[in-house]
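One structure is given here, and the rest of the page talks about it.
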Amino acid sequence: MATYFVGDLQGCFDELQLLLDRVQFNPTQDKLYLVGDLVARGNKSLECLRFVKSLGNAAQTVLGNHDLHLISTALGIKEVKPRDRVEAIFNAPDFEELIDWLRHQPLLVHNENQGFVMVHAGISPDWDLATAKTCAKEVETILQQGDIKKLISQMYDNQPERWSPNLQGIERWRYTINVFTRMRFCYWDHRLDFACKQPPKEAPPELTPWFNLDNPLYQRIPIIFGHWASLVDEPTPPNIYALDTGCVWNNRMTLLCWEDKQCFSQSAVKNYCDF
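314 is the number of the first residue of the sequence shown in the numbering used here; add one for each residue after it.
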């Protein structure tokens, strides 16, 4: 039995299949974890959704920002962006079933037995693990059985930029969503920044990657995440595993075997960047 993690798919279905074939992934024995953003920009988002869903308990994804945006467009809150190439999902006979499955996926996965946490973008520098899990569960509950339309319609904002345990309602939930699905850089005082998407060495000095800030959680438990394609080939601290290597930007997709920490990569098989 092997445990695998794969970086952002973003509709790059063929590369995923090539990687799984290379490691001889067996869904009756192995487990595949996905760091979110199953859809958008690549040309096979529908195939990605269907495949991950079809794996059942052999796969587990978390929600990324593109996944939440797909839910938003499915609810009629936002319009579909042509460059996201998700029209096939909306035309599929299993459209509603796929969206319902997607909204039931978590924001955070904590595997106590294997000792890791998986999220799409990161964990707030102001959170311990218990707070992160509590905040994730609050939003997940609304997505799965609450007023999802109200939540999604109000999530598109950069405020509040700093965590406080006194945050309540939509401000608390929006901060949670932004941390788990959009965060890259923070100011040194832990405020979130959403403007800079560059590699750390090109960032202004007042910003630093979230995982470089002083949070004991970052040293205590391995954190696997995606979202940040410009981190490709950039060093990260021990316990921090950045798996988005920009396949949809004509770079490569990365698969990590957890047991021996071996990485496998697959270059993009087509030019996705003609949007």
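C-beta atoms are modelled at their ideal positions from N, C-alpha and C, and glycine is treated no differently.
Two segments are said to touch when three or more pairs of C-beta atoms, one from each, lie closer than 8 Å; by this definition the segment 347-362 touches the segment 525-543.
Per DSSP, I455 lies in no beta strand (DSSP E); the unbroken alpha helix (DSSP H) holding it starts and ends at 442-458. Pairing F498 with T521 gives a Cβ-Cβ distance under 8 Å. G320 places its beta carbon 8 Å or farther from that of A353.
Ranked by how close their Cα comes to the Cα of S437, the residues W501, G355, M496, R335 have M496 in first place. L421 and K446 do touch by the CB rule: their CB atoms are close to 6 Å apart, below 8 Å.
For Q427 and T316, the gap between their C-alpha atoms comes out near 9 Å. Remark: C-beta atoms of H433 and G377 approach each other more closely than 8 Å. Linking K583 to N563 through their CA atoms gives a straight-line distance of about 7 Å. If you draw a straight line from the Cα of Q575 to the Cα of K344, it is about 15 Å long. Shown here, I490 sits in a helix according to DSSP, grouped into three states.
Y531 sits in a helix when the DSSP states are folded into three classes.
The residue among V545, P550, E519 with its C-alpha nearest the C-alpha of I534 is P550. Boundaries of the beta strand (DSSP E) harbouring C570: 565-570, taken from the DSSP string. Per DSSP, H423 lies in no alpha helix (DSSP H) segment; the continuous beta strand (DSSP E) that holds it begins and ends at 422-424. Sequence-distant partners of L526 (beyond 5 residues in either direction) whose C-beta falls short of 7 Å from its own C-beta, in its chain, are P438, C499, H503. Here V561 has Q323, C325, R354, G355, Y585 as same chain residues with Cβ atoms under 6 Å from its own Cβ, once five neighbours each way along the sequence are excluded. If you keep only unbroken alpha helix (DSSP H) runs of at least 4 residues inside the segment 341-371, you get 358-367. Taking all protein chains in view, the Cβ of K514 is surrounded by fewer than 16 other Cβ atoms within 10 Å, so the residue is classified as exposed.
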